[in-house]
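Chemist: Protein chains in written order, with the working numbering: chain A, 1 to 111; chain B, 112 to 224.
Right, I'll just put the structure down here and ask away after.
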Amino acid sequence: GQNIDQPTEMTATEGAIVQINCTYQTSGFNGLFWYQQHAGEAPTFLSYNVLDGLEEKGRFSSFLSRSKGYSYLLLKELQMKDSASYLCAVRSHNYGQNFVFGPGTRLSVLP
Amino acid sequence: DAGVTQSPTHLIKTRGQHVTLRCSPISGHKSVSWYQQVLGQGPQFIFQYYEKEERGRGNFPDRFSARQFPNYSSELNVNALLLGDSALYLCASSLRGNQETQYFGPGTRLLVL
């Protein structure tokens, strides 16, 4: 089966750094994605890892360890607009290359 | 360039009715996937279509069906609606549905009373 875990909620302060963890158990692994979703809106693509290591993209970085079934999303220099849900998604051969999503982590950025 | 578009944006139905949701992919994208997102949860995969053929199916009952048209737009149909079908229905498009990123539309929010 497929199982993805993320913390339900996190709180951080504007200007700080926050790390959102994701652990997964899946067969047919073919990449891990992070999406941002503001309330009532569609998910928007943030980052993608298929090989182990760190991918950096401006204020956002994502890390993957396939042997540990573990990823994290790192957000630097937090801004109020970063308050949103962050979805970890694993792409699987078993779903025709579609995504299995985690429950999402609701991040609140406080002034 | 226009992104993924979906219609309608909101819909209210009663139990037992039927609903059709529509999606137009990004220009040049040939693959469309449908997801259901219940409030407070991550999206769940329903269907994927590529070149008008079903490529993948999630764990949803036969009341859910879909199709893709020659212009790559897609419809999701749900029959005999249940209260539990109330959710945000997301459409995502990608070039070929293999190794590429999926881009999501704004969704259709369905409420079943």
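All C-beta atoms, glycine included, are put in the ideal place defined by N, C-alpha and C.
#1: Which residues in chain A sit within 8 Å of Thr212(B), going by Cβ to Cβ distance?
#2: Fully enclosed by the region 147-199 of chain B, which alpha helix (DSSP H) runs are 4 residues long or longer?
#3: Under 8 Å between beta-carbons, which chain A residues line up against Ser184(B)? List them in chain order, please.
#4: Cβ closer than 7 Å: which chain A residues qualify as neighbours of Ser144(B)?
#5: Does any residue of chain A bring its CB to less than 9 Å from the CB of Gln159(B)?
#6: In this structure, does DSSP put Asp82(A) in helix, strand or coil?
#7: Could you list which residues in chain A have their beta carbon closer than 9 Å to that of Gln152(B), in chain order?
#8: Do Val143(B) and Ser185(B) have their C-beta atoms closer together than 9 Å?
#9: Distance check for Phe171(B) and Gln25(A), CA to CA, integer angstroms please.
#10: Would you tell me roughly how many angstroms separate the C-alpha atoms of Leu224(B) and Leu87(A), rounded to the nearest one?
#11: At the level of alpha carbons, what is the spacing between Arg157(B) and Trp145(B)?
#12: Between Pro217(B) and chain A, is any beta-carbon pair separated by less than 9 Å?
#13: Taking all protein chains shown into account, do 16 or more other C-beta atoms lie within 10 angstroms of the C-beta of Asn98(A), making it buried, or fewer, making it exposed?
#14: Once DSSP output is grouped into helix, strand and coil, what is the label at His38(A)?
#15: With a CB to CB cut of under 7 Å and the five nearest residues on each side skipped, what residues in its chain are close to Met10(A)?
Modeler: Based on what the coordinates show:
#1: Within the second sequence, the letter at position 101 stands for residue 212(B). By Cβ distance, chain A contributes Phe33, Phe45 and Tyr48.
#2: none
#3: In the second sequence, residue 184(B) corresponds to position 73, counting from 1. Residues of chain A passing the Cβ test: none, with the nearest at roughly 17 Å.
#4: As a first step, residue 144(B) must be located in the second sequence, where it is residue number 33. Chain A residues near Ser144(B): Asn98.
#5: Indexing the second sequence from 1 puts residue 159(B) at position 48. Yes, contact with chain A.
#6: Taking the first sequence and counting its residues from 1, the one referred to as residue 82(A) is at position 82. Residue state, collapsed to three classes: helix.
#7: Numbered from its first residue, the second sequence carries residue 152(B) at position 41. Correct list: Phe101, Pro103 and Gly104.
#8: The residue you call residue 143(B) lines up with position 32 of the second sequence. The residue you call residue 185(B) lines up with position 74 of the second sequence. Yes, these two residues count as a Cβ contact at 9 Å.
#9: The residue given as residue 25(A) occupies position 25 in the first sequence. The residue given as residue 171(B) occupies position 60 in the second sequence. So the two alpha carbons sit approximately 21 Å from each other.
#10: Reading the second sequence from its first residue, position 113 is the one you call residue 224(B). Reading the first sequence from its first residue, position 87 is the one you call residue 87(A). Cα to Cα, Leu224(B) sits roughly 29 Å from Leu87(A).
#11: Numbered from 1 along the second sequence, position 46 holds the residue referred to as residue 157(B). Numbered from 1 along the second sequence, position 34 holds the residue referred to as residue 145(B). What sits at residue 157(B) in the sequence shown is Ile, not Arg. Using only the alpha carbons, I get a separation of about 5 Å.
#12: The count along the second sequence starts at 1 and reaches residue 217(B) at position 106. Judged by the 9 Å Cβ criterion, Pro217(B) is in contact with chain A.
#13: The residue you call residue 98(A) lines up with position 98 of the first sequence. By the neighbour-count rule (16 or more Cβ atoms within 10 Å), Asn98(A) is buried.
#14: Locating residue 38(A) in the first sequence gives position 38, counting from the first residue. Coil at His38(A), not helix or strand.
#15: What you label residue 10(A) is simply residue 10 of the first sequence in a count that begins at 1. Closer than 7 Å at Cβ, skipping near neighbours: Val18, Ile20, Thr105 and Leu107.
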